[in-house]
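Residue numbers (UniProt numbering): 1 to 351.
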Amino acid sequence: MRVLLTGSAGFIGTAIGRVLEEAGHEVVRVDVLLPMAHGRSAQAPDGTHRVDVRDADSWGSLLDGVDAVCHQAAVVGAGVTVADLPLYAAHNDLGTAALLAAMSAHGVSRLVLASSMVVYGEGRYVCATHGDRVPPPRSRAALDAGDFENHCDLCGGALTWAEVSESARLDPRSSYAASKVAQEHYTSAWTRQADSTAIALRYHNVYGPHMPADTPYSGVAAIFRSSLERGEAPQVFEDGGQQRDFVHVDDVARANLAALEATATREPGTLAAYNVASGHPVTISEVASLVAKGAGREVAPAVTGRYRIGDVRHVVASPLLAEKELGFRAEVLPEVGLPAFATAPLRPPAG
């Protein structure tokens, strides 16, 4: 299989490219190299084509002879400022739409899309009295008062988190989340209009070697590690009790291989979505402690009480459908992978 891999120079793309080649597939590497992530003077690695993903014409002959596309190129993160909104809309949404148009023009009908668990907004919640509830966005007043949990809209009681499945409604609560939902919607429309097949992989918090260092657009595990390397305690937002799932980049790469191979047997005109998670949720405070442990530092995380208005409290997704239909199960558990990440190589800060 000849696969065009976008975002190939990123840490996720690097791992995917390696796994695809080990499986005997030919990889055409494409990247965008945004200044915020790669620096203004970044050069594409040898064998990588540098394109503007937003320009359908820029794909040219790169798609000729390609059997499937693995689309990883995107602006990530929760959004540092409102000024980031155009970046998400341009690179994630317009970029995906342009790629889909180019694929159709070149007769490429199989796609794996890097989506995210952020499409769910808050995860699944249960009230002991009223069952499943969908909490509204948390108010600034409650967050300022240190009330970080979600409450039942009927009785005001505390809600308990539960695993969210792929059938849950999409409820984006940040600019990044909105852009990932739009990517899935464009892809769904494309599968029907172009009689094509797509799989969206909803990644949880991905970490691993070659993550970018010292940037607010990196993952929280890398931010914690950078703090430790500066001799500072990791800064944990809210009360540190937020539940998340952290999945190692090598597992993400394996999930992409399984999804790409599955597109060959799926019915045209369909988009299927799968959670890509370790299945072993941890709190954000536990993440900080595990990274500190791997660094050999007995440093307690600094619980700041600060918050970001676009963050959600708990989101933990069920990995069962991916195991059932793709045969994918994560192999690297957070209690092993996060300490190891403390000494893994990182990509230098953008400069």
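Cβ atoms here follow ideal geometry from the backbone N, Cα and C, with glycine treated the same way. Since the structure is predicted, the reported quantities are computational estimates derived from the model, not experimental observations.
What residue range does the beta strand (DSSP E) around residue i cover?
i	result
residue 361	The structure shown does not extend to residue 361, since the chain is modelled only from 1 through 351, so no value can be given for it.
ALA198	197-203
SER116	110-116
ARG50	48-50
ALA264	No beta strand (DSSP E) holds ALA264; DSSP gives it neither H nor E.
VAL287	VAL287 -> not in any beta strand (DSSP E); alpha helix (DSSP H) instead, spanning 284-294.
By DSSP, does residue i sit in helix, in strand, or in coil?
i	result
GLU26	strand
VAL134	coil
ALA158	strand
SER278	coil
LEU170	coil
TYR186	helix
ASP239	coil
PHE246	strand
VAL3	strand
LEU271	strand
residue 353	Given that the chain is displayed from residue 1 to residue 351, the structure contains no residue 353 and the question cannot be resolved.
ARG254	helix
ARG140	helix
ASP31	strand
VAL181	helix
HIS314	coil
HIS38	Below a pLDDT of 50, predicted positions are generally treated as unreliable, and HIS38, at 44, falls in that range; the measurement from the model is reported next regardless. Residue state, collapsed to three classes: helix.
VAL164	strand
PRO234	coil
ARG18	helix
HIS151	strand
ARG192	helix
PRO345	coil
PRO86	helix
Of all the options the options, which has the alpha carbon lying nearest to the alpha carbon of residue i?
i	options	result
GLY17	GLY327, VAL252, GLY310 and LEU320	VAL252
THR270	VAL19, GLY10 and ILE199	ILE199
LYS180	VAL66, ALA68 and GLY77	GLY77
GLN242	ALA178, PHE224 and VAL312	VAL312
residue 354	MET103, ALA288 and PRO268	With the chain running from 1 to 351 in the structure shown, residue 354 is simply not present.
TYR207	VAL276, THR160, LEU159 and ARG169	VAL276
GLU166	VAL315, HIS130, PRO348 and TYR274	TYR274
PRO86	ARG54, VAL19 and SER104	ARG54
GLY157	ARG169, ALA177, LEU113 and PRO135	PRO135
ALA259	GLY7, GLY327 and THR283	GLY327
ALA114	VAL75, CYS127, ALA90 and THR81	VAL75
residue 395	VAL282, TRP59 and ALA344	Any answer about residue 395 is impossible in this case: the structure gives the chain only from 1 up to 351.
ALA262	SER109, HIS91, ALA89 and GLY13	SER109
ASN205	PRO212, VAL220 and SER318	VAL220
THR129	HIS49, VAL118, VAL30 and LEU159	LEU159
ILE223	ILE284, TRP161, GLY60 and ASP31	ILE284
ALA9	SER61, LEU62, TRP59 and HIS71	HIS71
THR265	ALA68, ALA73, PRO348 and ALA317	ALA68
ALA162	VAL316, LEU333, PRO348 and GLU335	VAL316
THR48	ALA15, ASP57 and GLY7	GLY7
VAL332	LEU346, SER58 and PRO281	PRO281
Around the C-beta of residue i, are 16 or more other C-beta atoms found within 10 angstroms, so that it is buried, or is it exposed?
i	result
GLN193	exposed
ALA37	For ALA37, the predicted structure reports a pLDDT of 49, less than 50, and the residue's modelled location is therefore unreliable. The matter cannot be settled from this model.
GLU184	buried
GLY24	exposed
ILE309	exposed
SER278	buried
ARG40	Bear in mind that the predicted position of ARG40 carries a pLDDT of just 48, short of 50, making it too unreliable to give a figure here.
ASP245	buried
ALA145	exposed
ARG169	exposed
GLU286	buried
SER139	exposed
ALA83	exposed
GLY107	exposed
ASP31	buried
ALA272	buried
THR187	buried
SER196	buried
ALA178	buried
Beta carbon of residue i: closer than 6 angstroms to some heavy atom of the ligand MN?
i	result
PRO212	No copy of the ligand MN appears in this structure; indeed no ligand is present at all.
Could you spell out where the alpha helix (DSSP H) holding residue i opens and where it closes?
i	result
ALA68	Taken as a continuous stretch (DSSP letters only), ALA68 belongs to no alpha helix (DSSP H), being part of the beta strand (DSSP E) at 68-71.
ALA102	95-105
GLU298	From DSSP, GLU298 is part of no alpha helix (DSSP H); its letter is neither H nor E.
PHE224	220-229
ALA145	No alpha helix (DSSP H) holds ALA145; DSSP gives it neither H nor E.
GLU323	320-326
### Query
Are the region 335-347 and the region 289-296 touching by the rule of at least three beta carbon pairs closer than 8 angstroms?
yes
### Query
Counting Cβ pairs, one atom from each stretch, are 3 or more of them under 8 angstroms apart for the region 305-315 and the region 230-245?
yes
### Message
With three or more C-beta pairs closer than 8 angstroms as the rule, is the region 171-190 touching the region 120-140?
### Response
yes
### Query
Touch check for the region 150-166 and the region 93-110: three-plus C-beta pairs under 8 angstroms?
no
### Message
Count Cβ pairs between the region 315-332 and the region 252-267 that sit closer than 8 angstroms; are there 3 or more?
### Response
yes
### Query
Is the region 129-143 close to the region 216-230, with three or more CB pairs under 8 angstroms?
no
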